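S.K.: In our numbering, the protein residues as written are 16 to 157. My questions will all concern the structure given below.
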């Protein structure tokens, strides 16, 4: 079944085995280093919700016929003001606080309205609520 190794063959086999183990360790160290660098890069590039909210400030109109809203900041807290029609036909403004829970933005309306921002398209998605586009000239805030 197995060939018996003589002295020189045994030494050669051991050296080869040691080299393979060293290469595996080296490959593992290189892989872990690459993952660490990639993770550091991702963390440094990740935009915080405060930065995202700052870029989201402004007037927004629905792409689906829902009431418009304004996102604004006061004393470090972000708020959403929504214009509703009242039963008399006039307009009524309601203001809600924006909060972050586990990295997700919500509008505190009494139930959870999740808010997500697509920076490339400069659109806000409310769930429930649909998609909104910036009312102004549509230029992305820097």
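Glycine residues also receive a C-beta, built at the ideal position from the N, C-alpha and C atoms. Source: prediction; values computed, not measured.
Assuming residue 112 and residue 92 are in contact, meaning their beta carbons sit under 8 Å apart, how far apart are those beta carbons, in whole angstroms?
M.R.: That belief holds up - the Cβ atoms of residue 112 and residue 92 are roughly 6 Å apart, short of 8 Å.
S.K.: Bridge partners for residue 95 per DSSP, in chain order?
M.R.: Paired residue(s): 86 and 111.
S.K.: How long is the line joining the alpha carbons of residue 128 and residue 43, rounded to whole angstroms?
M.R.: Residue 128 and residue 43: Cα-Cα distance of roughly 44 Å.
S.K.: As a quick exercise: from 88, 67 and 99, pick the residue whose alpha carbon is nearest that of residue 81.
M.R.: Residue 81 has its Cα closest to that of 99, out of 88, 67 and 99.
S.K.: Give the secondary structure of residue 46 by DSSP, where H, G and I count as helix, E and B as strand, and everything else as coil.
M.R.: Three-state result, residue 46: helix.
S.K.: How big is the Cα-Cα spacing for residue 151 and residue 131?
M.R.: One C-alpha to the other measures close to 19 Å.
S.K.: Here's the rule I'm using: 16 or more other beta-carbon atoms within 10 Å means buried, otherwise exposed. How should residue 86 be labelled?
M.R.: Answer is buried; the Cβ neighbour count reaches 16.
S.K.: Looking only at its chain, what residues have a beta carbon closer than 7 Å to the beta carbon of residue 123, apart from the 5 residues adjacent to it on each side?
M.R.: 111, 112 and 114, listed in sequence order.
S.K.: Suppose you measure from the CA of residue 78 to the CA of residue 147; what does that come to, to the nearest Å?
M.R.: Answer to the nearest angstrom: the Cα atoms are 6 Å apart.
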